[in-house]
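Position one of the sequence shown corresponds to residue 1 (the UniProt record's numbering), numbered consecutively onward. Worksheet: one structure, shown below.
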Amino acid sequence: MSQKIVRVGDIECGSDELFLISGPCVIEDEKIMMTVAEQLREIQERLGIKIIYKSSFQKDNRSSLNYYNGPGLEKGLKILAKVKEQFGFPLLTDVHYPDQCAPAAEVVDVLQIPAYLCMQTMLVVAAAQTGKVVNVKHGQFLAPENMKHPVKKIEDSGNEQIILTERGFTFGYNDLVVDPRAFYHMARTNYPVVFDVTHAIRKYGIPSADAKGGAREYLPVLARAGVAAGVDGLFVETHTCPSEALCDAASQLDIRYLEEFMKPLIELHAVEVKYRNTLPELA
Numbered sequence: 001m002s003q004k005i006v007r008v009g010d011i012e013c014g015s016d017e018l019f020l021i022s023g024p025c026v027i028e029d030e031k032i033m034m035t036v037a038e039q040l041r042e043i044q045e046r047l048g049i050k051i052i053y054k055s056s057f058q059k060d061n062r063s064s065l066n067y068y069n070g071p072g073l074e075k076g077l078k079i080l081a082k083v084k085e086q087f088g089f090p091l092l093t094d095v096h097y098p099d100q101c102a103p104a105a106e107v108v109d110v111l112q113i114p115a116y117l118c119m120q121t122m123l124v125v126a127a128a129q130t131g132k133v134v135n136v137k138h139g140q141f142l143a144p145e146n147m148k149h150p151v152k153k154i155e156d157s158g159n160e161q162i163i164l165t166e167r168g169f170t171f172g173y174n175d176l177v178v179d180p181r182a183f184y185h186m187a188r189t190n191y192p193v194v195f196d197v198t199h200a201i202r203k204y205g206i207p208s209a210d211a212k213g214g215a216r217e218y219l220p221v222l223a224r225a226g227v228a229a230g231v232d233g234l235f236v237e238t239h240t241c242p243s244e245a246l247c248d249a250a251s252q253l254d255i256r257y258l259e260e261f262m263k264p265l266i267e268l269h270a271v272e273v274k275y276r277n278t279l280p281e282l283a
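This is the structure:
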């Protein structure tokens, strides 16, 4: 089967060009959002890599009612619309409930299904029926070959604009493990595959405000492994001051380091593309 190309703005996801999904985990103060967008635009221009701006208006899986979960649908979409108007990025945001899909689709280019919710039929179908690109994050509990099931639900709803994102497995022991075989299995769906490297380093059970709640030292090796394995895009949450971020403070990458972080990955991707079709099917 030939690789399907999923167009997001002017980005051809699934082509030979690596793309990046990046932005703060959750929508915070408008100044932070715009500052990150401005710096991402500069990085895009210098590196020549296409970027989808990501931030969530709601994070509904926080482990405590006391933790910030976003500004909500209406306010959050207004800020995202301003980012798009000023900087021209295509946008991606999470949806958690079916009734959020249609209003979010009026503003953003990609509706993201959170990992925990990837098997929720009503949510997946509602997202698919908007006609927007749907990015389904791989559930931490699901064998990667079983991602074919949410894919089929989206296709059966009349939408073949699908991206799949890997973010690691958890076995209930507060840690995530990235198995490179997942990239292979998810690619067998024929849709573009993204590696969410910053969520893959989270330590469950430890608040993200605690520095021990993430393991940034693994970011380079995991990202390089994913790119070498042939992913189509990378997902890197970034912030102007991660230690002060209101969500995923221990795992977001300081935007000051994003450009240097991406340089070897872009070069490695070019090598992978050069050799990706030189071996026969070994199965």
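Beta carbons: idealized from backbone N, C-alpha and C, even for Gly.
Determine the DSSP secondary structure at residue i, reduced to helix, strand or coil.
i: Asp196; result: strand
i: Val108; result: coil
i: Asp29; result: coil
i: Gly9; result: coil
i: Asp156; result: helix
i: Asp254; result: strand
i: Arg202; result: strand
i: Tyr116; result: helix
i: Met1; result: Because Met1 carries a pLDDT of 43, less than 50, the predicted location of this residue cannot be relied on, and the following value inherits that uncertainty. Residue state, collapsed to three classes: coil.
i: Val177; result: strand
i: Thr169; result: Here residue 169 turns out to be Phe, not Thr, going by the sequence shown. If DSSP states are grouped into helix, strand and coil, Phe169 belongs with the strands.
i: Ile266; result: helix
i: Ser208; result: coil
i: Lys59; result: coil
i: Gly214; result: strand
i: Ile43; result: helix
i: Tyr184; result: helix
i: Ser243; result: helix
i: Gln140; result: coil
i: Asp99; result: helix
i: Leu222; result: helix
i: Thr189; result: coil
i: Ala37; result: helix
Drop a sphere of 10 angstroms on the beta-carbon of residue i, count the other beta-carbons inside from all chains shown, and report buried for 16 or more, exposed for fewer.
i: Ser208; result: buried
i: Val271; result: exposed
i: Lys54; result: buried
i: Met1; result: The predicted model places Met1 with a pLDDT of 43, which falls under 50 and marks its position as unreliable; any figure quoted below should be read in that light. Per the 10 Å Cβ criterion, exposed.
i: Ile5; result: exposed
i: Thr121; result: exposed
At what residues does the beta strand (DSSP E) containing residue i begin and finish?
i: Glu237; result: Gly233 to His239
i: Ile163; result: Ile162 to Glu166
i: Ala87; result: The amino acid at residue 87 is misidentified as Ala; the sequence shows Phe. Looking at the DSSP string, Phe87 is not in any beta strand (DSSP E); the run it does join, the alpha helix (DSSP H), is Leu73 to Phe87.
i: Leu92; result: Leu91 to Asp94
i: Ile52; result: Lys50 to Lys54
Kindly give me the distance between the Cβ atoms of residue i and residue j, rounded to whole angstroms, as I take these residues to be in contact under 8 Å.
i: Ala115; j: Lys137; result: 4 Å
i: Asn159; j: Val193; result: 18 Å between Cβ atoms; not a contact.
i: Leu80; j: Val107; result: 6 Å
i: Glu237; j: Cys25; result: 5 Å
i: Pro144; j: Ala200; result: Not quite, the Cβ-Cβ distance comes to about 14 Å (not below 8 Å), so this is no contact.
i: Ile151; j: Tyr184; result: Per the sequence shown, the amino acid found at residue 151 is Val instead of Ile. Going by Cβ atoms, the distance from Val151 to Tyr184 rounds to 15 Å, so no, they are not a contact pair.
i: Leu20; j: Met262; result: 7 Å
In terms of residue numbering, what span does the alpha helix (DSSP H) encompassing residue i cover?
i: Val133; result: That residue, Val133, is in no alpha helix (DSSP H); its beta strand (DSSP E) goes Val133 to Lys137.
i: Gly23; result: First-last for Gly23: Phe19 to Gly23, but that is the beta strand (DSSP E), not the alpha helix (DSSP H).
i: Val278; result: Here residue 278 is Thr; the residue named in the question, Val, does not match the sequence. Run containing Thr278: none; DSSP gives neither H nor E here.
i: Leu123; result: Thr121 to Gln129
i: Ala229; result: It is not in any alpha helix (DSSP H) - Ala229 carries neither H nor E in the DSSP assignment.
(message) Counting beta carbon pairs with one atom in the stretch 225-233 and one in the stretch 26-35, are three or more of them shorter than 8 Å?
(response) no
(request) Please determine if the stretch 211-225 and the stretch 138-149 are in contact, where contact requires at least 3 C-beta pairs separated by less than 8 Å. (result) no
(request) Determine contact between the stretch 41-61 and the stretch 80-89, defined as no fewer than three beta-carbon pairs at a distance below 8 Å. (result) yes
(message) Under 8 Å: do the stretch 45-52 and the stretch 61-69 share three or more Cβ pairs, one atom per stretch?
(response) no
(message) Could you check whether the stretch 96-107 touches the stretch 118-126, counting it as contact only if at least three pairs of C-beta atoms, one from each stretch, sit closer than 8 Å?
(response) yes
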